[in-house]
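Trainee:
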Amino acid sequence: MSIQIITKRVSHFEQNARLIIDTNTNQSMLVDPGADAEILFNLLGDSTLTTIFLTHCHIDHAGGVQALLSLIEHHKLPKPTLLYHSNEIIIGEHIDVFATQYGFSAADYQNPPKPDQLADDLTELTLGSSTFKILFTPGHAPGHLALYYDQDDFSLSGDYPETLHCNRLLIAGDTLFQGSIGRTDLPMANHNQLINSIKTQLLTLPETTLVCPGHGANTTIATESQTNPFLH
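For reference, each letter of the sequence shown is one residue, going 1 to 232 in my numbering.
1. With a floor of 3 residues, list each beta strand (DSSP E) that falls wholly inside the region 139–170, ordered by position along the chain.
2. For the beta strand (DSSP E) containing GLN226, list its first residue and its last residue.
3. Quick check on the burial criterion: 16 or more other C-beta atoms within 10 angstroms. Buried or exposed for SER197?
4. With 16 other CB atoms within 10 Å as the buried threshold, where does HIS75 fall?
5. Using a 10 Å radius around the Cβ and a threshold of 16 neighbouring Cβ atoms, would you call GLU88 buried or exposed?
6. Expressed to the nearest angstrom, what Euclidean distance is found between the alpha-carbon atoms of GLU73 and THR48?
7. Express the C-alpha separation of LEU71 and ASP46 in angstroms, rounding to a whole number.
8. Considering only the alpha carbon of each residue, which of MET188, ILE52, GLN201 lies closest to LYS133?
9. Run through DSSP, which three-state label would HIS299 get?
10. Which same chain residues, not among the five before or five after THR131, have their C-beta less than 6 angstroms away from its C-beta?
11. For SER86, which residues from the same chain have a beta carbon less than 6 angstroms from its beta carbon, with the 5 sequence-adjacent residues on both sides left out?
12. Mind the definition here: the region 105–115 touches the region 145–156 only if three or more C-beta pairs lie below 8 angstroms; say whether that holds.
13. Can you tell me the Cβ-Cβ gap for GLN27 and SER157, rounded? I've got them flagged as a contact below 8 angstroms.
14. Based on the DSSP secondary-structure assignment, which residues constitute the bridge partners of ASN16?
15. Quick one: what does DSSP say LYS76 is sitting in, helix, strand or coil?
16. State the Cα-Cα distance for the pair SER105 and ALA99, rounded to the nearest angstrom.
17. Going by DSSP, what residues sit across from GLU124 in a beta bridge?
18. Is the distance from the Cβ of ILE52 to the Cβ of LEU77 below 7 angstroms?
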């Protein structure tokens, strides 16, 4: 398998952080390290972390970035590239405020640094010998992104290891869930925009695409296009 994906539920919000390893080169990428930085750091093993990718900058998806970067610096490891959309910067700048409002310690959820590279004009992301397509999927958040892998050489482990007989892969963030969709009652969210993103960017993918959401169990494009009550 060229791609190994390890899912770990983190934070008070049970968010699915994911370590993606290109097994051909042992390069890795962390998607949405929302909290529990030490646990995620230990997941790295002997892989070389080259990228931290944020689907969006809500507290549960981006609140652990700074702590993770501090651990990486402490262990004198190469600094990975932090990648997310410019529309998310303003949201990331207020994570500490949301932490206080939720009654959490600001030390548990910190504002991420500004991105080393903006994802605004990127259509692809390379990890070692593997390539992911970057999909712009605003609605739940104004700069929300998803990652699509159009090969079948992937394996899953950790939390939610089920591949559901799929041969394509979508890291969906908080756009599409099993039987549900992302919240749009949050600041800068837009329900109509989210529905449009799902219908034009996600439901147009092959039905055999595995959907790995930001919360909860995996599902498939086929299942959600046929049965998701929010899309009919």
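Backbone N, C-alpha and C fix where the C-beta goes; we use that ideal spot for every residue, glycine too.
Mentor: Reading from the atomic positions:
1. Whole beta strand (DSSP E) segments, 3+ residues: 145–149, 154–158.
2. Along the sequence shown, read from residue 1 onward, the residue named residue 226 stands at position 226. Taken as a continuous stretch (DSSP letters only), GLN226 belongs to no beta strand (DSSP E), being part of the alpha helix (DSSP H) at 221–227.
3. Here residue 197 corresponds to residue number 197 of the sequence shown, with the count starting at 1. With a threshold of 16 other beta carbon atoms within 10 Å, SER197 meets it and is buried.
4. Your numbering for residue 75 matches position 75 in the sequence shown. Classification for HIS75: exposed.
5. Within the sequence shown, the letter at position 88 stands for residue 88. GLU88 should be labelled buried.
6. Here residue 73 corresponds to residue number 73 of the sequence shown, with the count starting at 1. Here residue 48 corresponds to residue number 48 of the sequence shown, with the count starting at 1. Annotation: GLU73 to THR48 spans about 14 angstroms, alpha carbon to alpha carbon.
7. Residue 46 sits at position 46 when you count from the first residue of the sequence shown. Residue 71 sits at position 71 when you count from the first residue of the sequence shown. Approximately 15 angstroms, taken between the alpha carbons.
8. Counted from its first residue, the sequence shown places residue 133 at position 133. Distance from the Cα of LYS133 is smallest, within the candidate group MET188, ILE52, GLN201, for GLN201.
9. For residue 299 there is no data in the structure shown, the boundaries of the chain being 1 and 232.
10. The residue you call residue 131 lines up with position 131 of the sequence shown. By the criterion of a C-beta distance shorter than 6 angstroms, THR131 is surrounded in its chain by GLU124, once the five residues flanking it on both sides are discounted.
11. Within the sequence shown, the letter at position 86 stands for residue 86. The residues are LEU118, ASP120.
12. No, they do not touch.
13. As a working mapping, residue 27 is identified with position 27 in the sequence shown. As a working mapping, residue 157 is identified with position 157 in the sequence shown. Their Cβ separation, rounded to whole angstroms, is 18 angstroms, which puts GLN27 and SER157 out of contact at 8 angstroms.
14. Here residue 16 corresponds to residue number 16 of the sequence shown, with the count starting at 1. Checking the DSSP bridge columns, you'll see ASN16 partnered with ARG9.
15. Translated into the one-based positions of the sequence shown, residue 76 becomes position 76. The three-state secondary structure of LYS76, taken from DSSP, is coil.
16. In the sequence shown, counting from the first residue as 1, residue 105 sits at position 105. In the sequence shown, counting from the first residue as 1, residue 99 sits at position 99. If you take the alpha carbons of SER105 and ALA99, they lie about 6 angstroms apart.
17. As a first step, residue 124 is located in the sequence shown; it is residue number 124 there, counting from the start. Beta-bridge pairing links GLU124 to LYS133.
18. Translated into the one-based positions of the sequence shown, residue 52 becomes position 52. Translated into the one-based positions of the sequence shown, residue 77 becomes position 77. No.
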